[in-house]
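Remarks on the structure that follows.
Protein chains in written order, with this note's numbering: chain A, 1 to 254; chain B, 255 to 424.
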């Protein structure tokens with residue numbers, strides 16, 4: 001597993017793709033931080049709100065990067081014709097799957113490291129730095145594990161890399177849709193249930209409660225249930241599926 | 255209709271029309287404010303009860319209106335505490351309220367305070383004079399010193415990505 005993870009990490013980071021994605025993320029965070037810092041200077045945004053906004057974008061984009069990398073993990077190798085040589089190496093398919101998942105998650109780790117200076121800059125002075133970074137790490141890691149595992153799962157079964165990437169993106173967008181609903185549409189038990197069941201909305205809601213509202217970690221802990229379950233469930237399923245169903249040909253006929 | 259009858263009718267209408275609370279007046283500690291976009295400012299309004307009876311159950315409300323005619327104003331952005339429930343004001347007494355505000359848009363806005371009873375027969379609110387607030391536009395380029403971070407980190411990562419690419423090309 002260490003060998004596979006090491007190879008995948010080298011491909012990702014020394015191949016340049018990881019750094020280019022990190023560069024893109026840092027550009028995005030710079031623009032957002034600049035805008036919220038300007039707005040804060042003009043008193044449009046409360047300091048906590050600006051930290052929350054930046055942190056939520058970092059979590060969402062960091063998890064997206066992990067998802068896209070994982071969605072390319074098997075179907076991409078299949079299309080590039082490199083999966084066969086990987087499968088004949090004396091490494092179990094479970095180890096291959098775990099190594100690829102870890103490599104995909106390294107993008108989230110890098111995204112988090114890149115986010116820290118921005119959060120520190122925006123949160124300093126209100127005693128929020130430690131809490132914001134900690135809750136960002138916990139929630140972001142859970143969501144990244146969930147999304148990377150989901151992307152990997154799709155990648156194992158997808159007939160082509162294009163199908164894998166587009167299906168992963170489609171599901172990610174669908175998970176984000178509830179965050180765009182007007183607040184009037186987010187009232188009532190059904191809406192509350194939907195927000196709690198959706199790991200993305202539940203995780204981002206929890207971050208907002210800690211960062212913006214200053215709640216204690218235990219106060220809204222129930223919102224962490226679905227990200228936790230989704231991360232554990234999808235990681236286990238992805239590893240099992242990767243170990244049993246990684247084939248040279250994808251899709252139903254594979 | 256004779257002029258005498260008309261005068262009588264007007265007198266009766268005035269007598270029975272609901273009146274603003276008798277003896278109540280609102281004044282501000284200034285008539286105009288000049289500030290800059292993004293700055294905070296405070297003004298004080300004094301609600302005076304010149305009647306012979308205490309005035310209770312009053313609520314004071316801060317109103318914000320654009321006077322330039324081309325700026326959207328959301329009063330909530332300008333002040334987060336626009337409604338105050340007042341303690342009873344004794345006869346001949348007064349109470350002074352501070353109104354902290356944020357200058358959210360450039361331009362000229364009018365601010366006034368209205369005082370009305372929380373219950374009883376509906377009467378027109380007692381309003382104070384309009385405070386004219388002139389807000390000068392302001393540009394911020396390096397808010398709080400964000401520029402070094404906003405430019406430095408992407409530059410560093412961009413250089414690293416270029417370095418890796420250059421090394422691979424060789």
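Even for Gly, the Cβ is constructed at its ideal location relative to N, Cα and C.
- Contacts between residue 415(B) and chain A, judged by CB atoms closer than 7 Å, involve 16, 19, 20, 23 in chain order.
- Short of 7 Å from the beta carbon of residue 49(A), and not among the five residues preceding or following it, lie these beta carbons of its own chain, in chain order: 212.
- 16(A) is the residue among 11(A), 3(A), 16(A) whose C-alpha sits nearest the C-alpha of residue 412(B).
- Put simply, of 402(B), 365(B), 391(B), 404(B) the residue whose alpha carbon is nearest the alpha carbon of residue 290(B) is 391(B).
- The secondary-structure analysis by DSSP pairs residue 205(A) with nothing; it has no beta-bridge partner.
- Judged by pairs of C-beta atoms under 8 Å, the region 76-94 of chain A does not touch the region 106-118 of chain A, as fewer than three such pairs exist.
- The C-beta distance from residue 202(A) to residue 196(A) rounds to 5 Å, short enough to fall under 8 Å.
- Cβ atoms of residue 227(A) and residue 143(A) come within 8 Å of each other, at about 6 Å.
- Under the 8 Å criterion on CB atoms, residue 397(B) is classed as interfacial with respect to chain A.
- For residue 100(A), the secondary structure class from DSSP, reduced to helix, strand or coil, is helix.
- The three-state reading of DSSP puts residue 34(A) in helix, counting H, G and I together.
- Approximately 14 Å separates the beta-carbon atoms of residue 36(A) and residue 128(A); this is outside 8 Å, ruling out the contact.
- Here residue 118(A) is buried: its Cβ has 16 or more other Cβ atoms, across all protein chains shown, within 10 Å.
- Taking the Cα of residue 356(B) as reference, the smallest distance to any Cα among 280(B), 277(B), 409(B), 287(B) is reached at 287(B).
- One Cα belongs to residue 27(A), the other to residue 348(B), and the distance between them is close to 56 Å.
- The continuous beta strand (DSSP E) containing residue 361(B) extends over residues 361-371.
- Residue range 329-332 is occupied by the alpha helix (DSSP H) that includes residue 331(B).
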